[in-house]
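The sequence shown begins at 998 in the working numbering and counts up by one.
The C-beta atom is built at its ideal place from N, Cα and C for all residues, glycine as well.
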Amino acid sequence: MSQSYDVIVVGVGAVGSATVYQLAKRGLRVLGIEQFSVPHNLGGSHGNSRQTKIAPYIGSEYEPIILRAYELYHELVEESGQKDIMVKTGFLDLAPHRNFPAYKLEHNRRFEDLSIQQVNERFPQFKIGEPYWGAYDPEGALLRPEVTITTHVRLAMQRGADVLGNTKVLSWKEDANGVTVVTDRGTYSAEKIVFCAGPWTGKLLEGMGIAVTASRVSFAWVWPLQNVKAYEPEAMPCWCIEDEDGIYYGFPMMTDVPGYKIGLHWNGESVDPDNFNRTPNAQDEEFIRKGLRKYFPEANGPLVALRTCLYDHTVDDVPIIDKLPGHDRVTLCGPLCGAGFKFIPAYGEIAADFCEKGTTGIKSDFLRIARLLK
Ligand SMILES: Cc1cc2nc3c(=O)[nH]c(=O)nc-3n(C[C@H](O)[C@H](O)[C@H](O)COP(=O)(O)OP(=O)(O)OC[C@H]3O[C@@H](n4cnc5c(N)ncnc54)[C@H](O)[C@@H]3O)c2cc1C
């Protein structure tokens, strides 16, 4: 293993693994450094499933990114043969009003517009009435976060990348010759560095004027009280329900963990990612129970698993991918702000573009740092 590289990527979670892969694919000598094992369940990318969909992003700034992410996910499946990375399930969005402007666009043909009566006929598991309305995206899918990370890392290492797990970056510095990274297992140098540190981004870039915070959220698996088949992928899509407490979301039952997975997307409880209580508690369960009582009373059965996870936030809750101002050798990719998994192959490509060329061909100006430094 070399001590000197073209690029060091700090953080090999979701987008770090995609960035290491993209850089290795370009023939660069890459080192990915991860403080925990690869993959792990201590950051923002565990829990066996993530949702993706296209329809809500049509006409928004995210449109080119979600389309590119779908292409790259398909390429990853093709190249690796790892078919369970992306499972087509469809996606059902339920809201008391048409919350995504995309659904009002005449030319958006990527979803089916469903009255609540049509929703109830097609998906009787959902106990929901007026004033709700549904948008069904047939291209919606379930992504497997741990398998995606593992696959990106495996393919990158096959191309010559080095990835070090259980190695924490303690400090870094940039000078005219390159960057030097001090870890708890040695010192490494490179021409350039990319930060993909998710909820820890604020800690690694302390004093640089970029506010990034972390928060604690939870999710659960329960075993339905009746009609278990109604929660299997043949009958159940991935879904979101807009609620006064946030957005409930869930997945069809898969084989990774027994039961029906449901979570509540909200701001979360602000925490220090190095020092907070990861152990799930009664309040975590009550968040989930409240949604089950309201929308899935027939699934409100025994708790099979309850876990905590980290979200990360910028001030406007829009991710950052850019060069760090005043630091030509430094690219920042994150935080991804609690909804980034569906985009990570494209975000990794954009980060690799910035690192390699200082610019990207993927339209993504809204992700630049300047908006936060005004
Ligand atoms: C419960 C939950 C549900 C979600 N659901 C969805 C969904 O359905 N769809 C969707 O698109 N998105 C979803 N998201 C968001 C998405 O999963 C995250 O935005 C994304 O996975 C974060 O990836 P990341 O690489 O930025 O962070 P992480 O995967 O956390 O990676 C950051 C990595 O940096 C490492 N690191 C940090 N500091 C150091 C250091 N000093 N030295 C070495 N390594 C370091 C960390 O250990 C970590 O591995 C969800 C998130 C959560 C928590």
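Residue burial classification, residue i (beta-carbon count within 10 angstroms, cutoff 16)
| i | result |
| --- | --- |
| M998 | exposed |
| G1335 | buried |
| K1339 | buried |
| P1270 | buried |
| K1354 | exposed |
| T1252 | exposed |
| K1258 | buried |
| P1249 | buried |
| L1091 | buried |
| H1310 | buried |
| T1276 | exposed |
| A1173 | exposed |
| D1325 | exposed |
| A1372 | With the chain covering only 998 through 1371, there is no way to say anything about residue 1372. |
| G1126 | exposed |
| D1110 | exposed |
Minimum C-alpha distance to residue i - residue among the options
| i | options | result |
| --- | --- | --- |
| T1305 | F1340, N1224 and A1217 | A1217 |
| Y1018 | L1364, Q1114, Y1070 and V1327 | Y1070 |
| G1323 | S1361, L1370 and V1315 | L1370 |
| Q1079 | K1291, V1268, S1014 and I1146 | I1146 |
| P1332 | R1151, C1193, T1086 and G1247 | C1193 |
| K1050 | A1348, R1107, V1219 and K1226 | R1107 |
| S1001 | E1188, L1303 and R1023 | E1188 |
| A1052 | L1089, E1075 and D1325 | L1089 |
| P1142 | V1027, G1044 and P1230 | G1044 |
| Y1228 | E1058, G1247 and D1240 | G1247 |
| S1046 | F1273, E1266, R1368 and C1235 | C1235 |
| Y1133 | Q1115, D1240, L1140 and G1126 | Q1115 |
| N1264 | N1278, E1241 and R1286 | E1241 |
| V1268 | C1237, K1200 and E1127 | K1200 |
| R1368 | Q1223, D1314, E1203 and A1279 | D1314 |
| T1198 | G1260, E1060, C1330 and Y1054 | C1330 |
| Y1054 | L1261, K1101 and E1118 | K1101 |
| H1262 | G1337, Q1223, G1162 and E1072 | G1337 |
| H1037 | G1162, E1118, G1260 and L1140 | G1162 |
| E1239 | D1281, G1260 and L1202 | G1260 |
Nearest-angstrom beta carbon gap, residue j and residue i [assumed within contact, 8 Å]
| i | j | result |
| --- | --- | --- |
| L1307 | G1041 | 5 Å |
| P1221 | E1295 | 6 Å |
| Y1245 | G1298 | About 17 Å; that fails the 8 Å criterion. |
| T1164 | Q1032 | 7 Å |
| G994 | V1160 | With the chain running from 998 to 1371 in the structure shown, residue 994 is simply not present. |
| C1352 | V1191 | 5 Å |
| I1347 | T1357 | 5 Å |
| I1359 | I1062 | 7 Å |
| Q1122 | M1233 | 6 Å |
| L1020 | A1349 | 5 Å |
Residue i vs residue j beta-carbon contact at 8 Å
| i | j | result |
| --- | --- | --- |
| I1082 | V1144 | yes |
| S1361 | I1318 | yes |
| P1342 | A1066 | yes |
| L1025 | D1003 | yes |
| N1096 | G1056 | no |
| A1211 | V1312 | no |
| V1225 | S1014 | no |
| S1077 | T1148 | yes |
| I1113 | G1131 | yes |
| P1255 | V1327 | no |
| K1022 | R1156 | yes |
| G1010 | G1195 | yes |
| S1215 | L1303 | yes |
| A1158 | V1012 | no |
| K1124 | Y1292 | yes |
| A1166 | T1184 | First, the amino acid is wrong: residue 1166 is Val here, not Ala. No, the pair does not count as a contact, with Cβ atoms beyond the cut-off. |
| V1176 | S1168 | no |
| F1120 | R1213 | no |
| F1363 | E1136 | no |
| V1074 | P1230 | no |
| P1093 | Y1129 | yes |
Any chain C beta carbon closer than 8 Å to residue i
| i | result |
| --- | --- |
| T1177 | The structure shown contains no chain C; it holds only a single protein chain. |
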